[in-house]
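A short write-up of the structure that comes next.
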Amino acid sequence: MRKKIVAGNWKMNMTPSQAVELCETLKPLVAGSEADVVFCVPAIDIVPVVEAVKGTNIEVGGENLYFEDKGAYTGEISADMLLDAGCKYVIIGHSERRDYFKETDAIVNKKVKKAIEKGLTPIMCCGESLEQREQGITLDWIRMQIKIGLQGVDAADVAKMVIAYEPIWAIGTGVTATTEQAQEVCGAIRECIAEIYCRETADAVRIQYGGSVNAGNAAELFSQPDIDGGLVGGASLKADFGVIANA
Ligand code: PGA
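The opening position of the sequence shown corresponds to residue 0 in numbering that gives the first Met the number 0, with each subsequent residue numbered one higher.
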């Protein structure tokens with residue numbers, strides 16, 4: 000039985016002091032969750048958020064990392080920095096990073112491997128654009144992202160990681176994929192993992208849905224057989240996240 004995982008993706012929101020305030024608001028609201036609860040926060044918020052959630056059921060994650068260990072990479076953040084600051088998770092390959100910062104599947108793959116090597120759990124994102132959905136190539140596209148993103152990653156490591164299916168057209172738009180659409184793609188991702196690895200690995204990997212998840216639609220989405228929780232943007236910044244974490 001896979002344990003559900005509900006992660007907030009704060010994106011570029013919350014100053015350090017606002018972040019601590021939000022933690023205080025959300026802590027009691029997610030305390031009863033049966034899922035793994037993760038706050039993925041801006042790099043500068045990691046230290047105060049780790050401090051603020053100490054002793055609770057909340058784990059902390061980064062929103063990105065760089066695939067080199069250290070050195071002259073101005074502005075980047077390493078896996079060791081995330082770990083030392085107290086992170087357990089890291090989002091990799093979010094569509095906003097692919098789009099605005101030109102991250103390719105090959106870069107995503109390097110980042111996934113670095114996270115695993117260092118002991119962070121990657122939340123590897125994939126998702127199609129509206130144009131790709133209309134062209135009927137959604138599953139081909141997702142399978143390609145999964146196959147390249149996981150090149151050279153061992154089955155045992157895949158089994159422990161998280162994959163987030165986030166249709167780009169549903170992110171921040173208020174348009175959620177239908178339960179059927181979300182389940183179809185999450186199921187296809189699991190089949191793809193079974194093909195590359197084996198059934199056991201496919202049954203172990205946790206697959207989230209993301210894209211306008213809110214307090215009203217979370218329970219139905221998370222009840223699908225291949226949806227093991229959600230990656231939540233906008234709604235993770237307010238009390239609604241408590242409802243979602245308990246859905
Ligand atoms: P959203 O973002 O919930 O605001 O649509 C989801 C995400 O980008 O992870």
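Here a beta-carbon is modelled for each residue, glycine too, at the ideal position from N, C-alpha and C.
Nothing here was measured: the structure is a model prediction, and the numbers come from that model.
Open item on the list: At the level of alpha carbons, what is the spacing between residue 57 and residue 73?
Closed with: 30 angstroms
TODO: Answer yes if the stretch 205-215 comes into contact with the stretch 143-150, meaning at least three C-beta pairs across the two stretches below 8 angstroms, and no otherwise.
DONE: no
Open item on the list: For the alpha helix (DSSP H) containing residue 108, name the first residue and the last one.
Closed with: Looking at the DSSP string, the run of the alpha helix (DSSP H) that includes residue 108 is 104-117.
Task: Cβ distance (whole Å) where residue 220 is taken to contact residue 229 below 8 angstroms - done: 7 angstroms
TODO: Identify the continuous beta strand (DSSP E) that holds residue 195 and give its terminal residues.
DONE: No beta strand (DSSP E) contains residue 195, which is instead part of the alpha helix (DSSP H) from 178-195.
- [ ] With a threshold of 7 angstroms, establish whether the CB of residue 127 neighbours any heavy atom of the ligand PGA.
- [x] Checking every heavy atom of the ligand PGA against the Cβ of residue 127, none is found closer than 7 angstroms.
Task: Buried/exposed call for residue 129, threshold 16 Cβ in 10 Å - done: Answer is exposed; the Cβ neighbour count stays below 16.
Open item on the list: Going by beta-carbon coordinates alone, are residue 49 and residue 84 separated by less than 8 angstroms?
Closed with: yes
Task: Whether residue 155 touches residue 166 by CB criterion (8 angstroms) - done: no
- [ ] Whole angstroms is fine: what's the gap from residue 0's alpha carbon to residue 234's?
- [x] Spanning the two alpha carbons is a distance of roughly 27 angstroms.
- [ ] Take the Cβ of residue 144 as the centre, count every other Cβ of all protein chains shown within 10 Å, and call the residue buried at 16 or more, exposed below.
- [x] Residue 144 comes out buried.
Open item on the list: Among 132, 8, 110, whose alpha-carbon lies nearest the alpha-carbon of residue 39?
Closed with: 8
TODO: Output the distance between the C-alpha atoms of residue 27 and residue 242, rounded to the nearest integer angstrom.
DONE: Residue 27 and residue 242: Cα-Cα distance of roughly 11 angstroms.
Task: Same chain, Cβ closer than 7 angstroms to residue 137, neighbours up to 5 away in sequence not counted - done: Apart from sequence neighbours up to five positions away, the residues of its chain that approach residue 137 with a beta-carbon distance below 7 angstroms are 127, 131, 184, ordered along the chain.
Open item on the list: Let me check you understand the geometry: is the CB of residue 32 closer than 7 angstroms to at least one non-hydrogen atom of the ligand PGA?
Closed with: no
Open item on the list: At a cut-off of 7 angstroms, would you count residue 219 as near the ligand PGA, judging by its Cβ distance to the nearest heavy atom?
Closed with: no
Open item on the list: Buried or exposed, going by whether 16 or more other CB atoms sit within 10 Å of the CB of residue 68?
Closed with: exposed
Open item on the list: What does DSSP give as the partner residue(s) for residue 38 in the beta ladder?
Closed with: 7, 59
- [ ] May I ask whether a heavy atom of the ligand HEM can be found less than 7 angstroms away from the beta carbon of residue 231?
- [x] In the structure shown, the ligand HEM is absent; the only ligands present are the ligand PGA.
Open item on the list: Less than 7 angstroms between C-beta atoms, sequence neighbours within five positions excluded: which residues of the same chain meet that for residue 140?
Closed with: Excluding residues within five positions, the ones whose Cβ falls inside 7 angstroms are 127, 131.
Open item on the list: Let me check you understand the geometry: is the CB of residue 211 closer than 7 angstroms to at least one non-hydrogen atom of the ligand PGA?
Closed with: yes
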